[in-house]
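Chains as they are written, first to last, in our numbering: chain A, 786 to 883; chain B, 786 to 883.
For every residue, glycine included, the Cβ atom is placed at its ideal position computed from N, Cα and C.
This report concerns only the one structure given below.
Number of protein chains: 2
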Amino acid sequence: MIMMVLITYDVNTEDKAGRKRLRKVAKHCLNYGLRVQNSVFECNVNQKEYVELQHILSNEIDESKDSLRFYLLGNNYKNKIIHIGAKPSFVVTEPLIF
Amino acid sequence: MIMMVLITYDVNTEDKAGRKRLRKVAKHCLNYGLRVQNSVFECNVNQKEYVELQHILSNEIDESKDSLRFYLLGNNYKNKIIHIGAKPSFVVTEPLIF
Chain A
786 MIMMVLITYD VNTEDKAGRK RLRKVAKHCL NYGLRVQNSV FECNVNQKEY
836 VELQHILSNE IDESKDSLRF YLLGNNYKNK IIHIGAKPSF VVTEPLIF
Chain B
786 MIMMVLITYD VNTEDKAGRK RLRKVAKHCL NYGLRVQNSV FECNVNQKEY
836 VELQHILSNE IDESKDSLRF YLLGNNYKNK IIHIGAKPSF VVTEPLIF
């Protein structure tokens, strides 16, 4: 069963390593879903992919500095989301390296 | 009925006005809930407060530059949220002006 999972993260970008972690976390999330804000992704995944994604992302972040949150919205989420304001126009200025 | 609403936002902080909008949005959210990441709040509100909060926040942002998202998680959300990594320790360096 496919379900919507919201992923939000704060990655500490005070150093080069942090900026690299940020790019890698974003790149992984792009493989599973849609970027709706800078650090917010909406991903449609099944249970196996959900566990996989948690594993991949938790291996990318520095758990002492970064924060990663997953919100399981289920499969009946369309009327649970309201967006106000500008549509994100993501100009990836920095190459998403992997 | 009290329900959990997740609020995420991206405010364009390229200018002074944007940084002020950011502080005001955060300040309003703090009145309704818990800051869990830089631009992510978990708020327990009833329907009236939810509408009120949407109104207040949409009046604070610049809809052409900023993005505001509300996710209605309902009242059975505890096992829908996973957090990995650092707990946010919000040192408000800048005074939250209003």
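Around the beta carbon of I792/B, 16 or more other beta carbons sit within 10 angstroms, so the residue counts as buried. Pairing C814/B with V790/B gives a Cβ-Cβ distance that is not under 8 Å.
R806/A and V796/A have their alpha carbons spaced roughly 7 Å apart. Distance from E845/A to K809/A at the Cβ level is roughly 5 Å; contact confirmed, criterion being Cβ atoms closer than 8 Å. Residues of the stretch 800-822 of chain B with a C-beta atom less than 7 Å from some C-beta of chain A are V821, Q822, listed in chain order. Segment contact: the stretch 855-862 of chain B against the stretch 856-867 of chain A, three or more CB-CB distances shorter than 8 Å; contact assigned. If you draw a straight line from the Cα of D851/B to the Cα of N816/B, it is about 20 Å long. DSSP places E827/A inside the beta strand (DSSP E), whose first and last residues are 825-830. The distance from the Cβ of S843/A to that of I869/B is about 5 Å, consistent with a contact at the 8 Å cut-off. Contact with chain A is absent for I787/B, since none of that chain's Cβ atoms lies less than 8 Å from the residue's Cβ.
Straight-line measurement puts the Cα of F826/A at about 13 Å from the Cα of V825/B.
Per DSSP, the unbroken beta strand (DSSP E) holding V790/B starts and ends at 788-795.
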